[in-house]
Structures are given as structure tokens and as C-alpha cells.
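For the sequence shown, position 373 matches number 1839 in the working numbering, and the numbering has no gaps at all. Think of the CB as a built atom: it goes at the ideal place given N, C-alpha and C, for glycine as much as any other residue. Computed from a predicted structure; not experimentally measured. As C-alpha cells, the structure follows; a few thoughts come after it.
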Amino acid sequence: MGLSHTSVLCFVIDTTGSMSDDIAEVRRVTSSIIDNKTSTAAEPSEYILVPFNDPDYGPLIRTTDPNVFKQRLNALTADGGGDAPEMCLSALQLALTGSPPQTEVFVFTDADAKDGWLKSTVKALIEITKSKVNFMLTNTIGSWRRRRSAGAMDGQQQFSTRVFSPLNQVYHELAQASGGQAIEVTKVTLAQATDIIAVTSRSTLPCTSTVAQWPMTFQPRNSPNYSLTSPSGVSQSSTELNGELGLIQRVGNFHTVQPNISEQTGLWHFSINSTQPYTIKVVGQSEVSFLSDFVELSQGPHPSYAVLNSRPTAKTNVTVLVTMVGADSVKLTGLSLVEASSSNSLNGILEDIANGQYLVTFNSIPAGEFTVRVVGQIGTSRSSENTFQRQSPTQFQASTVTVTTDPVGTVEPGKQFTLPFTVATNGSGGSFNIRVSNDRNFDTLFNTSLTLESGGSANDTVILTVPRNTSSGTDVTVTIQADAPDESDSNYAVLRLAVIAPRTDFTPPLCEAVSINANCSGNCNFSSWYLTANVTDGNGTGVQIVRVLQGNGNLNTTTVLSDTGVNVTVVVYNSSCCSSDLELVAVDAVGNVATCFKSVRATAPSTSTAPPVTATNTTNTTTTTTTTTSTARPTSKTSTIGVECCLFLPVFLWLNVGVFLYQFMQL
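What follows is the structure, encoded as C-alpha cells:
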């Protein structure tokens, strides 16, 4: 499935009532992939799962533990659904915004999308994240689930033999834009399709030539004739399922050619005769890859660049930032933009920045969809064996429309956030359609249209309402899209906002001694002392942790609820009398720090004048020291313990352990 050292395994799964067989198949193939890759170099770094139904979708489940992921998959049940269409694109939107860039996403469903209005938003997220989306589709023409009740009167589900559904057109368009595939199969043949995908999971890099150990997959809408010719001139036709060049496997609209010959490097020829649309994908294993971003250059004393969060602007110079990754001594020798419709290409002007990074400038850009292709060499030799070519799976496009936003801070729970934006065009004017969506389904308020003059611009705002119960630390991705009056052109801005609750707790925890008991006479190795105390945070955010900063004893803490409804952390500390110093640190949930019981020492018998008592109040970087003196009643006991303690109390406490005499002094 395209897994690599930093790969993420992401599944978006329909959980409606008809998907029980599909979910079982997902469990099977996922367990197989996880088991084969666990503790290997290809083990996924993260596992993500997004279930969807109707009308619900999510939540996004993320874990680094493969066993936890299996448990989450096993917990899925197929239930409900109602009408045939489901919230597939809403779930996919959540997966794309919640996954790292360049994640390969697998979507399993047997229904068309109820939320088709999100197609352009999902496509924008694909372009921004450069993630690859694959659809495993088990619906048939006319959406067989609408006939489910009528066809299941005898308890048997009926399936059409036709598997090419026009309702899947949106899935095919999104898959093609991302460099993925939309595979249409029946439920009976789903296992064959997933098995083929599992085999191709050894391949990690989309390429166009000079590849090794590669499978080739393509998706015609019918069953056309095709042939493959190797660099040495050996050919194999589609009628030869097991020929001289390799093994051909076919299931639904998904064909795979797996070469079985040692000679694989060179120029291969693929010839196909089809009156229907098709896509071809060649993938291979390689240590060389590249990352690319469209950037905007800024001039000044210190020139810099910023990565665009939208499509590049047409009819202007365009700059691409390229970073080569993989093998050492990789040198980029050229970069071009390849038109998706004709394979014509435009070459850019290359500037070597440093450390494998290049800036490539184009004076013009293709009018339609295009991909990015790089050519280079490994090492210093210029031989053909050391040259490479790589092509991005993601399809991009330029726009005469631009959508820009101001720098964004954070948003607060329970508040409305105003987000200004500007729409401009270097083309014709008119009424531009505005669409705004977000992956958290927060309420938004905005004008649905803006009127622009030819070559002009207009300002507007989006008001986002964040629910009061939104957890601090939640992120929300907002997509603002502007469509030209004739809908022939569009652009977007994708923004990620952090929901941060304002900090209102500036008071550190409160420490209060409850009791101290000691028997420190004679040999300290055979005597011990212990202390109990209560730590509270009043109306603050709550005590997060209490730990020993200085001391060699044992600390135990328990949280209980007091009679007044306040959480109290009960501290019990015991130690040998040979370790008589103790310093505890208490931290609340927002980071306020209290240093408690600064010093507890076994001392000689006390005199009539007690030693001074010092308390240190530490909150962030502020330290306050207060000293006061009290007079203790003498005692005839042979050992005493002086306690410097009880921070943030209106009184300081001096304990003479021998007679447990408490004397208070008002501050």
C-alpha cells in the first residue's frame, strides 16, 4: 500500500448496515499488512481510522500501537444507513486534515456520496497535503442498496453483475487528482482486489521510468486490449495472463501487471486500445524521492519564501521549492510541469540553494491540470545507469483567482472568530461564488457571493463559532473557496486554527501539613520519620502532579473528594532519619508551581527560641520569600523535628514533635 519508513496507514470505512462483509475484509487485509510489517523498516509510524455512517462521521482515531488499531477495527459494527448515499466526503475531509502530508488513504464504501458539495474542498486538501486517496467501491450501477429490501425478501442479497457505476464519478475524479485509484468490484471479489493491493505494498514510490521491481496497475472502464513491451523488445498482450514478461491479474476494473524478468531498467512501452477512459500507474521501489511546494518569494534585505496554502496564480511567474530526499549525492538537473491531458511539458530555471534544496522558476504554467516531474543523477557519474526520473502522483492546476487571508492566531471555546479574507482575479469580473467549510462542522457565517471588477479584488470575512465544550488544543481546518462566475476557474485558501482556552488560573497549589511523626534518636539507620499533607488547588485547574525534588524517601499520593467538593491530593512521605531533607513540588494543570516543605530536619532538642521559618512561593518565574520567628515551648524529649512548610497559608506552623504542641502566629 505504498508504505515507507515514515508511512501512515489510514482507513476511511463506511459502517452502514450493508458493509459487514467489507468491514470483515478490511480487518483481514489490515491484520495481514500489520503482521507482515511490524518490527520491520516498513512498519507504519501511525495508524488512523475514520468511520462514517449517515448522518454521522468520525471521530478520527489515531494510534501508534498496531494492536490498539486492530482492536478499534474489531470494534466496528455495520448498522443503520437509511437511504443509499452516505457521508463519505465528510469523513475523507476529516482524514485528510487529521493525517500527516503525503498519507495514503484507503476508502471503503458501497454507496455514493451524499455530501458531494465537498468535492472541491476535498480536492483542495489533496493538493495541499499531496496525499493519495484510493477508493475500494463495492456498489453497482443504480446503487444496489435501494433494491436491498425488495431483493432480500427471501433473506438473500442480490448483486448486479455490472460493477461500473456512474454514481462513482466523484470518486474517480478525486482518485485521479491524488494519484490514487478508484477500484470497482463486487463484494464477492473484494478479497481479490485487496490481495492485489497488499502485493503492491512493496512498492513505495511513483515513477515514470528507470524503476526496479515494479508493478503496473491501470483502470479501464471496460476490458480493452493492451500490450507491454520491455526494453529488449519482448512483448506480452493482455490475453496472456502468465506470459514472458510477467503475471497479469484482473478484478473488476483493476488490472495489475507484475514483471517476472530480471531485466527491468530502461524504456518500456505500453500500448492500449480503448474507447473508454482509463488511468495507468507505475510504481517502484527506490531510495530517491522528492518533495515540492509552490512558494511565494518576498524581496527585501533578507529575501525569503512562504509556502502557498492555495493554487499558484496563472499568468504570472511561478516558483517551486524542491527538496531531494533519499540517497546521498543526489543532484537535480531539471524540473518540468507536465500537462495531464497531453504529456506536454514546460521546463523551469533551476537554482541550487543548498543541502538538496532547489528553487525552480517558471515564466508560464500549464492552463489545465499538471504534475511535477524531476530529472537528476545519483553520484558524480553521468552514465544512464545513474540517472533517475520521478513524477508526483498529485495533479495541480493554476488559477486566475486568488484567495488570501491575514495571519491567524488562536480561537477560544465559546467565542466567535472573525477571519478576514480577500478574493482577487486577474481575469474577468462578475459575481464570484464563495464557499466555506471546516472539518469540525462548526457553524460559519459568510456571504455566498462577492462582486469583482475585471482584474479587481474585494474583501470579506468569515465568522466561525467555536462551541463552548470544544477541548483546548483542538485544531480546526477551514477552507475558503471562490469560484469564477462561469465556474470555469476556482481557488481556495486552507487554514488550520488552534482552539486554545484562555488561561485564568494564576494561583499555585496550596500545601498544608496534616501530621508529622518521627523517632530519630540513636542510629539513624534504625529510625524513620513520616509526613502526611494535603495539596489542593482551590477553584483552579487542579493538581496535576506532586513529586519529590529533594529527598530519598518514598512518596505516595491519593486524590479524594473533600466534604466541600474540593479535590484533595493526600501526600504520604516516609524516609529514614539518615535522609532528613525533603522538598516537594506540586504543579497544577496550567503549569503553576508550588515548592512545598522546603526543609524538614532532625535536630537537637529545641531551645526557647525556635529557628526562623522560611517559605518559598514559586509560580512560573516569580519567587517570594517571607521570614518570621515564633517562640516554641521547651520540651524534655530527646529529639525534635523543625518543619519549614505549609506554603501559601495565612499562618506558619511550628511543630514540636515531642509533645505535638501547635503554636500559630498570624502573618
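Next on the checklist: Please list the terminal residues of the continuous alpha helix (DSSP H) segment that includes residue 1899.
Outcome noted: It is not in any alpha helix (DSSP H) - residue 1899 instead sits in the beta strand (DSSP E) that spans 1896-1904.
Next on the checklist: Give me the DSSP bridge partner(s) of residue 1855.
Outcome noted: 1841
Checklist entry - Between the stretch 1642-1652 and the stretch 1473-1493, do three or more beta carbon pairs fall short of 8 Å? => result no
Item to check | Neighbour-count burial assignment, residue 1995, 16 or more Cβ in a 10 Å radius | outcome: buried
Next on the checklist: Could you compute how far the alpha carbon of residue 1708 sits from the alpha carbon of residue 1749?
Outcome noted: 20 Å
Item to check | Status (buried if at least 16 other CB within 10 Å, exposed otherwise) for residue 2027 | outcome: exposed
Item to check | Inter-residue spacing [alpha-carbon to alpha-carbon] between residue 2077 and residue 1978 | outcome: The pLDDT assigned to residue 2077 is 31, lower than 50, so where the model puts this residue is not dependable; a value taken from the coordinates is nonetheless given after this. Roughly 20 Å between the two C-alpha positions.
Checklist entry - For residue 1882, which residues does DSSP report across the bridge? => result 1931
Checklist entry - Would the stretch 1925-1940 and the stretch 1879-1897 be scored as touching if the rule is three or more Cβ pairs under 8 Å? => result yes
Checklist entry - How many angstroms separate the CA atom of residue 1592 from the CA atom of residue 1787? => result 18 Å
Checklist entry - Short check: CB of residue 1533 to CB of residue 1493, under 8 Å? => result no
Item to check | 3 or more residues per run - each beta strand (DSSP E) lying fully within the stretch 1971-2004 | outcome: 1976-1984 and 1994-2002
Checklist entry - Near residue 1557, which residues of its chain fall below 6 Å by C-beta distance, leaving aside the five closest residues on each side in sequence? => result 1478, 1516, 1518 and 1523
Item to check | residue 1555 versus residue 1946 - alpha carbon distance | outcome: 17 Å
Item to check | Backbone CA spacing between residue 2111 and residue 1970 [nearest angstrom] | outcome: Here the model assigns residue 2111 a pLDDT of 38, short of 50, so the residue's position is not dependable and the matter cannot be decided.
Item to check | Proximal residues to residue 1476 (C-beta, below 6 Å), its chain only, five neighbours per side dropped | outcome: 1514, 1561, 1565, 1569 and 1571
Next on the checklist: For residue 1918 and residue 1951, I'd like the C-alpha separation in whole angstroms.
Outcome noted: 10 Å
Next on the checklist: So, at 6 Å on beta carbons, what are the nonlocal neighbours of residue 1726 in its own chain, with the 5 sequence-adjacent residues on each side left out?
Outcome noted: 1712
Item to check | Own chain partners of residue 1737 with C-beta closer than 7 Å, once the 5 adjacent residues on each side are dropped | outcome: 1692 and 1693
Next on the checklist: Short of 7 Å in beta carbon distance, which residues of its chain neighbour residue 1590, apart from the five on each side in sequence? Order them along the chain.
Outcome noted: 1945, 1947, 1958 and 1960
Checklist entry - With DSSP run on the structure shown, which of helix, strand or coil describes residue 1532? => result helix
Checklist entry - Going by alpha carbons, who is nearest to residue 1779 out of 1832, 1771, 1826 and 1791? => result 1832
Checklist entry - Hey, residue 2054 and residue 2009 are a contact pair by Cβ (cut 8 Å); roughly how many whole angstroms apart? => result 6 Å
Checklist entry - To the nearest whole angstrom, what separates the beta carbons of residue 1853 and residue 1861, a pair I think is in contact under 8 Å? => result Their Cβ separation, rounded to whole angstroms, is 25 Å, which puts residue 1853 and residue 1861 out of contact at 8 Å.
Checklist entry - Going by beta carbon distance, what residues of the same chain come within less than 7 Å of residue 1580, once the five residues before and after it are set aside? => result 1520, 1551, 1552 and 1553
Item to check | 3-residue-minimum beta strand (DSSP E) runs that sit fully inside the stretch 1740-1791, ordered along the chain | outcome: 1744-1750, 1755-1764, 1770-1773 and 1784-1791
Checklist entry - Where does the unbroken beta strand (DSSP E) through residue 1703 begin, and where does it stop? => result 1701-1703
Checklist entry - Which term fits residue 1814, buried or exposed, when burial requires 16 or more other beta carbons within 10 angstroms of its beta carbon? => result buried
Next on the checklist: Whole angstroms are fine: how far does the CA of residue 2046 sit from the CA of residue 2102?
Outcome noted: At residue 2102 the pLDDT is 32, less than 50, meaning the model places this residue with poor confidence and gives no usable figure here.
Item to check | Per DSSP, the bridge partner or partners of residue 1598 | outcome: 1570
Checklist entry - Is it the case that the Cβ atoms of residue 2137 and residue 1575 are separated by a distance below 8 Å? => result Because the chain in this structure spans residues 1467 to 2133, residue 2137 falls outside the shown range and cannot be described.
Next on the checklist: Using C-beta distances below 6 Å, list every residue in its chain close to residue 1985, excluding the 5 sequence neighbours before and after it, in chain order.
Outcome noted: 1993
Item to check | Opening and closing residue of the alpha helix (DSSP H) in which residue 1635 lies | outcome: 1635-1644
Checklist entry - Relative to the alpha-carbon of residue 1643, which residue among 1588, 1697 and 1634 has its alpha-carbon at the smallest distance? => result 1588
Checklist entry - In whole angstroms, what separates the C-alpha of residue 2005 from that of residue 2012? => result 18 Å
Next on the checklist: Am I right that residue 1798 and residue 1824 are in contact with their C-beta atoms under 8 Å? What's the rounded C-beta distance?
Outcome noted: 5 Å
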